[in-house]
Amino acid sequence: MPTPKHRTAALSDRGNQAGAVPVTAVPDEEASRQKLRLGTVQIGFVSMLNVAAAFVRYKFVTVILGTAGLGIYGILQNVTGMVAALATMGLAFSLTGAVAKAAGDAPRQAMIVSHTLLVLAATAVTAALVSIAFGMTVLPALIPFGDGPLLIWWLLPCLPIMVWCNALGAGLMGHEETRKFARATLVANIIAIPVGIWLIWVYGTGGLFPLILVYHLVRMMVLAQAYGRDRLVEMRKHLRIRAAWRTVRPMMLTGLHFMSGGALGVGSVLVVQHLILTTYGLPAVGGFQGVYAIAFQISAFLLLSFQANLYPQLSRAGSDHARARKISNDQARLLLIVVGGVLLGVNGFSTAVFSVLFSSELTGLVTFAAIWFVGEVVKSLAWIPIFNLLARDRNGAYLVTQVVAAVVYVATVGLVVLLDQPFDYVAFANVTGPIAMLVTGLLLQKEGILSYWQRDVKLIAAQLILGLGVVAALRLIDSPAAFPVGVGAMAAFSILHLLEIRALFWQRVGPKP
């Protein structure tokens, strides 16, 4: 049975032969918008399953090890994330754009991925040396228990696995096969649940180390299977070290900038966790990790969607600024509705959410979370012009945005600590940091801070910030109206955008048959 695309072509041919007005094909702009929708929906669905699996793991860590154990787990995750960012040198991110630009040339795509894996094998050795130095100096101050330095021994086998996971995942996103990438992460999360429960139950905090290793090992195996036998065979033909360096060297500049930005982001979180530990105690670190874990899952969904959907399209748009802005606004509109609905829902029922996901000990964090979530809306917008900078190879400008955001983020927490303010005020760092990142990104793009966004995008963002901000203000003054206002904001936003949500996810592309 012919597809709508084939029917369109057939009708067009018959119309031309009959002298009628020809039927036009689906415009590139609409096809691009549909690709953004489908990719985001696929990532969103599997991300929801990933979030559920991840929070089952968080729940058991909290139940078995307590709030302090959750804080330790959070520090370990951030340490491994920072070392992995240093090990990949940002090449995994550059790989997505390089593979996307080589679309239609399968041998070249295989060569790019193969050469990147070879170079990353060498960088993993360098990162191992960095991790040993880090583990002997900084780590003992960050992790307040005797086995903290043991992390370096678990990082050594973890590093090549984590690095190759990132590269294979980036390759799949360059091929725009985001569903396979998300599915691999889901399988790893599911397998890590029973393994993690057993390890933590038997070994306590010592079981957190092998849990991280098992998770990444399973993920690498599933990603390799998802990449496909034919592609892996083609990649083996290009395993040449000298040629690898020539291929990867042009990607290295973007990669190094992205690596530095990622390390700054994770490093600033580690500094903040250390400030919280020394000022408010280890249970407060666990509370921070609880809110950060929820926000991190949202941020991970955003960045994955941007890398898989937005970045390849912006890379192909090149110097066509009008098309790039249109793509950016389409992505912003979609993600604000999806992310905004989740944030308003979690914020409205935050007491129940924290009790179910973690522990009743963390229900006192509802005020902290309400403030923190306002920043997540700003962050959703801030990353879009930044990816536009990266797609135009303006790597230095990208790095400036990350430096400004990290400095403002840490400085805000430092000011809260210096003024001896309550722990809830630490959450303002996640508002000031993203605002600084958004403003800097738009200024460096030489775009108007408000004129860059279309009217409907600004309206949706204003609705979300107003709804979340009012709830945060009510929670700060301990008003009993916070709960009904939070639930009402969620309901109102859903009703306002019900038809738009339906249009975003179910609108047909192309003429009706």
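Under the numbering used here, residues 3 to 515 are what the sequence shown spells out, in order. Don't be surprised by glycine CBs; every beta carbon is placed ideally from N, CA and C. Keep in mind it's a predicted model, so treat the numbers as computed, not measured.
- Under the DSSP assignment, residue 490 falls in the alpha helix (DSSP H) whose first and last residues are 484 to 498.
- Note that the C-beta distance between residue 414 and residue 430 is below 8 Å.
- Per DSSP, reduced to three states, the secondary structure at residue 447 is coil, with no helix or strand assignment.
- Assignment of residue 467 by DSSP, reduced to helix, strand and coil, places it in the helix class.
- In this structure, residue 169 places its C-beta atom within 8 Å of the C-beta atom of residue 122.
- Contact fails between the segment 452 to 460 and the segment 398 to 413, because fewer than three Cβ pairs, one in each stretch, are under 8 Å apart.
- For residue 421, the secondary structure class from DSSP, reduced to helix, strand or coil, is coil.
- DSSP places residue 381 in the uninterrupted alpha helix (DSSP H) bounded by 368 to 393.
- Assignment of residue 104 by DSSP, reduced to helix, strand and coil, places it in the coil class.
- With a 10 Å radius around the Cβ and a threshold of 16 neighbouring Cβ atoms, residue 231 comes out exposed.
- Under a 10 Å Cβ-count criterion, residue 387 is classified as buried, with 16 or more other Cβ atoms of the shown protein chains found around its own Cβ.
- The three-state secondary structure of residue 454, taken from DSSP, is coil.
- If one requires a minimum length of 4 residues, the alpha helix (DSSP H) runs lying completely within the segment 321 to 352 are 323 to 350, in chain order.
- Spatial neighbours of residue 454 in its own chain (CB-CB distance under 6 Å, excluding positions within 5 residues in sequence) are listed in chain order as 444.
- With 16 or more other CB atoms across the displayed protein chains lying within 10 angstroms of its CB, residue 120 is buried.
- The alpha-carbon of residue 435 is positioned some 29 Å away from that of residue 486.
- Nearest neighbour of residue 293 by Cα position, chosen from 397, 382, 374 and 400, turns out to be 374.
- Relative to the Cα of residue 162, the nearest Cα in the group 219, 185, 177 and 110 belongs to 219.
- Contact annotation: residue 202 and residue 58 have beta-carbon atoms that are not nearer than 8 Å.
- Judged by DSSP in its simplified three-state form, residue 263 adopts helix.
- Taking 8 Å as the cut-off, the Cβ atoms of residue 174 and residue 182 count as close.
- Shown here for residue 477: same chain residues with a beta carbon closer than 7 Å to its own, the five before and five after excluded, namely 368, 369, 372 and 484 in chain order.
- Judged by beta-carbon spacing, residue 380 lies beyond the 8 Å limit of residue 345, meaning their Cβ atoms are not closer than that value.
- DSSP places residue 116 within a helical segment (H, G or I) once states are collapsed to three.
- Here residue 280 is exposed. Its C-beta has fewer than 16 other C-beta atoms within 10 Å.
- The DSSP-derived three-state label of residue 396 is coil.
- By the C-beta density criterion, residue 324 is exposed, having fewer than 16 other C-beta atoms within 10 angstroms.
- In the same chain as residue 425, and ignoring 5 residues on each side of it, the C-beta atoms closer than 6 Å to its own belong to 282 and 286, in chain order.
- Looking from the CA of residue 197, the closest CA among 266, 101, 63 and 290 belongs to 63.
- In the structure shown, residue 283 falls within a coil segment according to DSSP collapsed to helix, strand and coil.
- Taking the C-beta atoms as reference points, residue 288 is found no nearer than 8 Å to residue 376.
- Here residue 316 has 326, 329, 389, 390 and 393 as same chain residues with Cβ atoms under 7 Å from its own Cβ, once five neighbours each way along the sequence are excluded.
- Assignment of residue 239 by DSSP, reduced to helix, strand and coil, places it in the coil class.
- Taken atom to atom, the span from the alpha-carbon of residue 98 to that of residue 172 is near 5 Å.
- In this structure residue 401 is in contact with residue 262, their Cβ atoms being roughly 6 Å apart against a cut-off of 8 Å.
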